[in-house]
Amino acid sequence: MIYYLVTAKHSYTMESYLETYGRSLQDQVKLVYYEELPYIGEMPLGTYIFSDLERLSPAQITLAAYVWNHLAQVRPSVRQLNSPRLTMRRFELQKELHRSGINCFQTIRASELYAPFRFPVFIREESEHTGSLTDVLHREQELSSALGRLLKEGHRLENLLVVEFCDTSDAAGVYRKYSAFVVGGEIVPRHLIFSRSWVLKTADLGTGEMLQEERDYLEKNPHEAWLRDIFALASVEYGRIDYSFLGDKPQIWEINTNPMVLMRPKDYAPVHHPGQEYFARLILPAFEKVNSPQNLARGVRVLVPQKIRRDLPGEPRTRSIRRFAKNVKNKVLGRPNVGVVTRHSAGEF
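So the sequence shown is numbered by the working numbering: it starts at 223 and just counts up by one.
Have a look at this one:
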């Protein structure tokens with residue numbers, strides 16, 4: 223059984239996959255909300271994927287690490303992916319990639335603009351996957367104005383990153399973004415997106431040549447060796463890396479520890495369906511490989527100390543109600559992939 227730890231708000235990344243392309247895994251993957259961890263009490267044996275680490279608060283990281291350490295005591299009966307303490311977050315990874323000469327651009331905290339950097343730049347959040355919050359900024363005045371606007375909108379300065387813009391477009395002005403998963407020890411190419419926009423979230427170009435280039439990427443997995451090195455450097459055992467090439471030099475944008483596996487088929491343009499179906503066939507055996515046979519032996523007792531509970535961020539009432547309603551709906555519909563419970567008892571989780 224695979225237990226996928228995730229924030230309640232962002233569980234859709236795995237849910238949409240299990241409801242569509244990954245239906246065969248519904249009885250083998252259970253979603254566990256970090257918000258539920260203080261109340262579970264006992265955790266079954268199996269494989270635990272600690273996802274969404276970049277979104278966790280310091281107190282939630284302490285909680286996740288506490289649970290990780292308890293599970294680690296019964297290895298190999300329990301397998302764990304993504305140590306809450308060791309897995310690099312976005313800023314830490316970007317600093318290391320630039321320091322080691324892998325990335326040509328650097329990233330600095332908006333609260334530390336005294337450090338030298340070069341224009342143009344853009345601003346993004348450290349702990350979210352919202353992409354750039356600004357256009358490309360070419361001067362200090364533009365940067366100051368953009369930061370002022372973002373602060374007025376409610377962003378916190380300490381959660382904003384200033385990133386040097388790295389233009390990876392080709393001679394025709396087309397940008398390429400490669401993405402690949404790591405699942406345990408398997409490197410699985412995800413997709414190759416083409417766009418005339420430097421912020422690539424979804425593909426907006428799809429000629430026959432581009433689709434063939436993407437298919438070649440999926441079939442040949444040409445960057446597997448050095449991708450494995452980057453994931454190892456970041457101590458990421460489950461997640462998705464996004465990257466491009468500046469000439470022949472790879473530039474890593476980020477590693478997401480809670481990536482969207484696959485959306486619903488209707489969310490993709492028909493021209494992209496073959497690529498999504500091909501990836502679905504690639505990722506399935508990777509999940510099956512990290513899966514642990516269901517073990518009905520007594521699980522791991524995890525009693526979270528009051529001090530850790532006390533430091534956890536409060537959950538807004540509206541979100542708590544929404545999460546409770548979601549759990550009830552999942553149970554009524556009999557969807558095992560999202561059968562989250564607040565307490566573990568009688569061998570059920």
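For every residue, glycine included, the Cβ atom is placed at its ideal position computed from N, Cα and C.
Note on geometry: alpha-carbon atoms of Leu440 and Ser514 lie some 27 Å from one another. Excluding the 5 residues flanking it on each side, Pro535 has same chain C-beta neighbours closer than 6 Å at Ser279, in chain order.
Considering only Tyr500, Leu506, Lys471, Asp464, the residue with the shortest C-alpha distance to Leu315 is Asp464.
Residues of the same chain with a CB within less than 6 Å of the CB of Asp426, apart from the 5 flanking positions on each side, are Ser417 in chain order. Going by beta carbons, His377 and Gly497 fall outside the 9 Å limit. By the neighbour-count criterion, in which a residue is buried when 16 or more other Cβ atoms sit within 10 angstroms of its Cβ, Gln282 is buried. As a beta-bridge residue in DSSP terms, Met265 pairs with Val522.
Proximity of the stretch 381–396 to the stretch 327–340 meets the contact definition, three or more beta-carbon pairs being nearer than 8 Å. With fewer than 16 other CB atoms across the displayed protein chains lying within 10 angstroms of its CB, Gly323 is exposed. Each residue's CA atom was taken as its position, placing Arg462 and Gln363 some 35 Å apart. DSSP places Leu355 outside both helix and strand once states are collapsed to three, so it counts as coil. Under the three-state reduction of DSSP, Asp426 is assigned to coil, being neither helix nor strand.
When DSSP states are grouped into helix, strand and coil, His413 belongs to the strand group. Annotated as distal: Tyr255 and Ala287, with beta-carbon spacing of 9 Å or more. By the beta-carbon neighbour count (other beta carbons within 10 angstroms, threshold 16), Asp389 is exposed. The beta-bridge partner set that DSSP reports for Gly461 consists of Val404. For Lys231, there is no enclosing beta strand (DSSP E), as DSSP marks it with neither H nor E. The criterion of a C-beta distance shorter than 9 Å is satisfied by Val458 and Met310. For Ser366, the number of other beta carbons within 10 angstroms of its own is below 16, and it is reported as exposed. Taking the Cα of Gln516 as reference, the smallest distance to any Cα among Lys252, His232, Gly244 is reached at Lys252.
The bridge partners DSSP lists for Val343 are Leu359, Glu386. At a Cβ-Cβ threshold of 9 Å, Leu433 and Val396 do not count as neighbours. The C-alpha of Ser466 lies about 26 Å from the C-alpha of Phe272. C-alpha of Ala454 to C-alpha of Trp448: approximately 10 Å in a straight line. The secondary-structure analysis by DSSP pairs Phe501 with nothing; it has no beta-bridge partner. Taken through DSSP and simplified to helix, strand or coil, Ser367 comes out as helix. Counting the other CB atoms within 10 Å of its CB gives Gly268 a total of 16 or more, which places it among the buried residues. The three-state secondary structure of Trp448, taken from DSSP, is helix.
With contacts defined by Cβ atoms closer than 9 Å, Phe509 and Leu247 form a contacting pair.
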